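Per the working numbering, residue 243 is the first one in the first sequence, and the count goes up by one each step.
C-beta atoms are modelled at their ideal positions from N, C-alpha and C, and glycine is treated no differently.
Quick caveat: nothing in here was measured; it's all calculated off a predicted structure.
This report concerns only the one structure given below.
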Amino acid sequence: MSISSSRGKSRIVMHVDLDYFYAQCEELRRNDLKDRPVVVCVYSARGGDSGAVSTCNYKARAYGVKAGMPIVQAKRLLREQDAVFLPVDEQYYTSVSDMVMAILRANADAFEQVSIDEAYMDVSMRCKDFDDATRLASRLKDEVRTSVGLTCSIGIGMNKLIAKMASDYRKPDGLTVVRPEDAKDFISRMSVGKLLWVGKKTEATLNSMGIYTVADLAKVSIDTLIKEFGRKMGIYLYNASRGIDEEPVKESAMAKQISRITTLKRNTSAIEDMLDDLNTLSMDVHKSLVEQGLLFRSVGIMLVYEDLSMRSRARMLKHYSNSMDDIARYARVLLEEALEESSKPVRRLGVKVSDLVSVKGQETLQRFM
DNA sequence: CTCTGCCTTAC
DNA sequence: CCAGGTAGGCAGAG
């Protein structure tokens with residue numbers, strides 16, 4: 243059920259984005275990091291500087307460092323710059339995030355946390371118009387700064403799409419308001435790659451069709467878009483190019499899959515070299531499953547070979563289960579099968595459970611029996 | 001329709 | 001020679 247505003251007019255949606263989140267958290271607990279490039283890294287099991295950049299602050303970005311970049315490359319860009327490289331500390335960031343999210347949630351009619359550093363808020367009922375919402379956003383930025391110590395960027399729009407693109411428009415520490423009457427203009431000027439769900443591949447395809455801006459996109463027929471991108475994406479693009487988005491702000495639903503993936507100490511195609519990791523992964527998945535009170539019916543594995551190509555295998559069980567044994571057993575069988583099929587050395591290994599249902603809950607219980 | 005495997009996105 | 005996790009769509013087989 244969606245919230246309809248008392249005005250009977252458009253919704254008012256905010257998108258809050260915590261700035262360079264992991265790196266800002268690190269600055270928060272160490273004042274000696276101020277004014278220095280800070281790079282938060284995911285180090286792999288390979289040791290040394292093997293791994294990738296997760297996030298970095300704006301001082302590091304000034305030297306060309308970006309998320310996803312190999313750590314070695316970031317170090318090269320920042321050599322002689324008094325930069326700090328830190329490993330991710332998920333626990334700590336989660337605790338900081340929880341504080342912020344609690345503040346936001348308390349100020350929304352409907353709330354949707356999308357990730358550790360992003361949330362949508364529907365404020366249609368508590369704000370009488372966009373000016374009112376702008377004042378609320380200002381207050382929220384103040385409160386997050388004074389009580390947690392972080393800056394964030396907020397976008398306000400008539401739906402989630404506009405709000406999201408608005409928060410992205412000016413950062414860090416931005417506040418962008420796009421009134422309904424301005425939404426079409428705001429979005430039309432953007433290049434298509436700025437649209438939510440339009441990544442590298444989709445952008446390249448659109449460009450090859452001569453489509454570069456959202457205005458270009460809005461001229462394409464829905465049939466063409468569906469033909470080229472499939473039903474779901476085609477309709478999405480057609481609406482998005484017009485600033486239309488009816489998605490309600492709602493609490494995020496139950497997890498649909500739980501997975502863990504790891505990089506092996508060394509590339510190998512021998513199963514004995516993988517069993518320890520496979521077991522650890524199975525245990526991690528199981529732990530998360532139990533914590534969330536869920537049962538699974540499908541077990542899968544994923545392999546990334548040394549040439550970075552990937553392959554996955556999954557199997558459906560006859561009954562729902564929450565047994566660690568089932569995860570580990572089936573994962574092993576699937577791994578054996580995959581190794582028979584290809585002897586390419588494996589670099590990374592993953593385990594996943596899906597087809598999840600809650601242990602409690604009535605509709606679930608019926609399906610379980 | 002169900003299941004599998006692959007692809008794309010994004011944080 | 002570079003992380004890890006999740007979601008969702010789609011195509012093809014059965």
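Sequence-distant residues of the same chain with beta carbon closer than 8 Å to residue 345, five excluded per side
Excluding sequence neighbours, residue 345 sits near 382, 385, 386, 389 and 390.
Once DSSP output is grouped into helix, strand and coil, what is the label at residue 262?
Here residue 262 sits in coil by DSSP.
In whole angstroms, what is the alpha-carbon distance linking residue 438 and residue 403?
When the Cα atoms are used, residue 438 and residue 403 turn out to be separated by approximately 7 Å.
Should the segment 501-518 be regarded as contacting the segment 551-559, the criterion being three or more beta carbon pairs within less than 8 Å?
Three or more beta-carbon pairs separated by less than 8 Å are not found between the segment 501-518 and the segment 551-559, which leaves the two stretches without contact.
Is the beta carbon of residue 343 sitting closer than 9 Å to the one on residue 491?
Taking the C-beta atoms as reference points, residue 491 is found no nearer than 9 Å to residue 343.
I'd like the span of the beta strand (DSSP E) that includes residue 556, first residue to last.
Note, residue 556: beta strand (DSSP E), 552-563.
Could you check if residue 598 is buried or exposed, using at least 16 other CB atoms within 10 Å of its CB as the buried criterion?
In the assembly as shown, residue 598 is a buried residue. Its beta-carbon has 16 or more other beta-carbons within 10 Å.
Give me the Cα-Cα distance between residue 421 and residue 400, rounded to the nearest whole angstrom.
A direct Cα-Cα distance of roughly 7 Å separates residue 421 from residue 400.
Given a cut-off of 9 Å, decide if residue 538 and residue 545 are closer than it, judged by their beta-carbon atoms.
No, the pair does not count as a contact, with Cβ atoms beyond the cut-off.
Whose C-alpha, out of 551, 322 and 287, is nearest the C-alpha of residue 507?
The shortest C-alpha separation from residue 507 is found at 287.
Which first and last residues belong to the alpha helix (DSSP H) in which residue 333 is found?
Per DSSP, residue 333 belongs to the alpha helix (DSSP H) from 332-347.
Which ranges does the alpha helix (DSSP H) cover as unbroken runs of at least 4 residues, wholly within the segment 381-440, from first to last along the chain?
List check, alpha helix (DSSP H) in window: 402-411 and 422-430.
With DSSP collapsed to three states, give me the class of residue 604.
Here residue 604 scores only 42 on pLDDT, less than 50, and its place in the model is too uncertain to base an answer on.
Rounded to the nearest angstrom, what separates residue 322 and residue 412 at their Cα positions?
Approximately 30 Å between the Cα atoms of the pair.
Take the Cβ of residue 502 as the centre, count every other Cβ of all protein chains shown within 10 Å, and call the residue buried at 16 or more, exposed below.
Per the 10 Å Cβ criterion, buried.
Residue 520 and residue 448 - do their beta-carbons sit closer together than 9 Å?
No.
Go through its chain and collect everything with a Cβ distance to residue 428's Cβ below 6 Å, but skip five positions before and after it.
Sequence-distant Cβ neighbours of residue 428 in its own chain, meaning closer than 6 Å and more than five residues away, are 420.
Spatial neighbours of residue 581 within its chain, please: CB distance less than 7 Å, with the 5 preceding and 5 following residues excluded, ordered by chain position.
Non-local C-beta neighbours of residue 581 in its own chain, meaning closer than 7 Å and more than five positions away in sequence, comprise 511 and 513, ordered along the chain.
Cβ shell of residue 252 (< 7 Å), same chain only, five flanking positions each side left out:
The beta carbon of residue 252 sits closer than 7 Å to the beta carbons of 400 and 422 from its chain, once the five residues preceding and following it are set aside; these are given in chain order.
Take residue 341 and list the residues in its own chain whose beta-carbon comes closer than 6 Å to its own, dropping the five residues that flank it on each side.
Correct list, in chain order: 390.
Under the three-state reduction of DSSP, which class applies to residue 598: helix, strand or coil?
Residue 598: coil per DSSP, three-state reduction.
For the 8 Å Cβ check, are there 3 or more pairs between the segment 294-304 and the segment 345-358?
Contact between the segment 294-304 and the segment 345-358 is absent, because fewer than three Cβ pairs lie under 8 Å.
At the level of alpha carbons, what is the spacing between residue 642 and residue 497?
An answer regarding residue 642 cannot be provided, because it is not within the stretch 243 to 611 covered by the chain.
With C-beta atoms as the reference, is residue 365 less than 9 Å away from residue 327?
It is not a contact, given that the beta carbons lie outside the stated cut-off.
Rounded C-alpha distance that separates residue 509 from residue 355
If I take the Cα positions, the gap works out to 37 Å.
Note down, in chain order, each residue of its chain lying with its Cβ closer than 8 Å to the Cβ of residue 601, except the 5 sequence neighbours on either side.
So the qualifying residues of the chain are 535, 536, 537 and 564.
Under the three-state reduction of DSSP, which class applies to residue 476: helix, strand or coil?
Here residue 476 sits in helix by DSSP.
CA-to-CA distance, residue 307 to residue 265, given in whole angstroms
If I take the Cα positions, the gap works out to 13 Å.
Would residue 313 and residue 334 be called neighbours here (beta carbons separated by less than 9 Å)?
Their beta carbons are not under 9 Å apart, which means residue 313 does not touch residue 334 by this criterion.
Considering only the beta carbon of each residue, do residue 256 and residue 398 sit closer than 9 Å?
Yes, the Cβ-Cβ distance between residue 256 and residue 398 is below 9 Å.
Express the C-alpha separation of residue 414 and residue 290 in angstroms, rounding to a whole number.
Their backbone Cα atoms lie some 32 Å apart in a straight line.
Do you know offhand how far residue 485's Cα is from residue 466's?
Their Cα atoms are separated by approximately 19 Å.
Would you call the CB atoms of residue 261 and residue 394 closer than 9 Å?
The Cβ atoms of residue 261 and residue 394 lie closer than 9 Å to each other.
Closest by C-alpha distance to residue 528, when choosing among 311, 370 and 499:
With respect to the C-alpha of residue 528, the residue from 311, 370 and 499 having the closest C-alpha is 499.
Would you please state the rounded distance, in angstroms, between the beta carbons of residue 522 and residue 590? I believe it to be under 8 Å.
Rounded, the Cβ-Cβ distance is 13 Å, inconsistent with contact.
Can you find the residues in the same chain that come closer than 6 Å, C-beta to C-beta, to residue 254, ignoring five residues on each side of it along the sequence?
Once the five neighbours on either side are set aside, the close Cβ partners of residue 254 are 365, 366, 369 and 375.
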